[in-house]
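Those letters in the sequence shown? Residues 15 to 136, per the numbering used here, in order.
Every residue gets a Cβ at the ideal spot worked out from N, C-alpha and C, and that includes glycine.
Input: a single structure, listed below in structure tokens.
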Amino acid sequence: MAKSKPVRVGRVTIGEKDPAFILGPCVIESEKFVWRMAKKIAEICSAEDVDFIFKASYDKANRTSVRSFRGIGVREGCEILSAIGSDLKIPVTTDVHSPNEAAIAGEKDQYAGKSSVSLQAN
Numbered sequence: 015m016a017k018s019k020p021v022r023v024g025r026v027t028i029g030e031k032d033p034a035f036i037l038g039p040c041v042i043e044s045e046k047f048v049w050r051m052a053k054k055i056a057e058i059c060s061a062e063d064v065d066f067i068f069k070a071s072y073d074k075a076n077r078t079s080v081r082s083f084r085g086i087g088v089r090e091g092c093e094i095l096s097a098i099g100s101d102l103k104i105p106v107t108t109d110v111h112s113p114n115e116a117a118i119a120g121e122k123d124q125y126a127g128k129s130s131v132s133l134q135a136n
């Protein structure tokens with residue numbers, strides 16, 4: 015069996031000795047909400063000396079009801095996540111649903127400075 019190689023996302027390495035966590039709300043309900051979550055998670059992880067990647071979705075396309083809240087949209091969501099990564103100096107990730115969304119999310123990665131915006135295709 016081939017040995018897996020560690021993967022870096024910002025300053026976090028996944029696949030080495032210490033665990034790395036992907037933490038955050040399922041969906042960005044509002045800018046205020048996601049900022050509050052990111053700050054609190056960063057505070058807790060710092061106090062416990064654990065690595066984490068902040069994750070939140072701007073569009074939860076897999077809702078069981080068409081009337082359920084899906085999110086705030088790709089542009090606004092990626093802008094918020096990029097700002098969180100830059101301001102809090104943490105790596106962030108989100109899921110994308112199309113090549114167009116990946117291009118938009120990739121634009122925000124350029125502005126994230128030393129933080130990292132990682133993309134997860136759905």
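- Put simply, of 35, 109, 50 the residue whose alpha carbon is nearest the alpha carbon of residue 88 is 109.
- Burial check for residue 86: the Cβ neighbour count within 10 Å reaches 16 or more, so the residue is buried.
- Runs of the alpha helix (DSSP H) lying entirely within the stretch 42-72, each at least 4 residues long, are 45-62 in chain order.
- Distance from the CA atom of residue 103 to the CA atom of residue 27, rounded to whole angstroms, is 15 angstroms.
- Taking a 10 Å sphere around the C-beta of residue 67, we find 16 or more other C-beta atoms and assign the residue as buried.
- Take residue 59, set aside five residues on each side of it, and the residues of its chain with a beta-carbon closer than 6 angstroms to its own are 66, in chain order.
- If you compare the alpha carbons of 111, 52, 43 with that of residue 76, the shortest gap goes to 111.
- Setting aside the 5 residues that flank it on each side, residue 19 is surrounded in the same chain by 29, each with a C-beta closer than 8 angstroms to its C-beta; the list follows chain order.
- Minimum Cα-Cα distance from residue 83 among the listed residues 16, 24, 42, 36 corresponds to 42.
- The beta carbons of residue 23 and residue 113 sit no closer together than 8 angstroms.
- The Cβ atoms of residue 69 and residue 36 lie closer than 8 angstroms to each other.
- One alpha carbon belongs to residue 78, the other to residue 40, and they sit about 14 angstroms apart.
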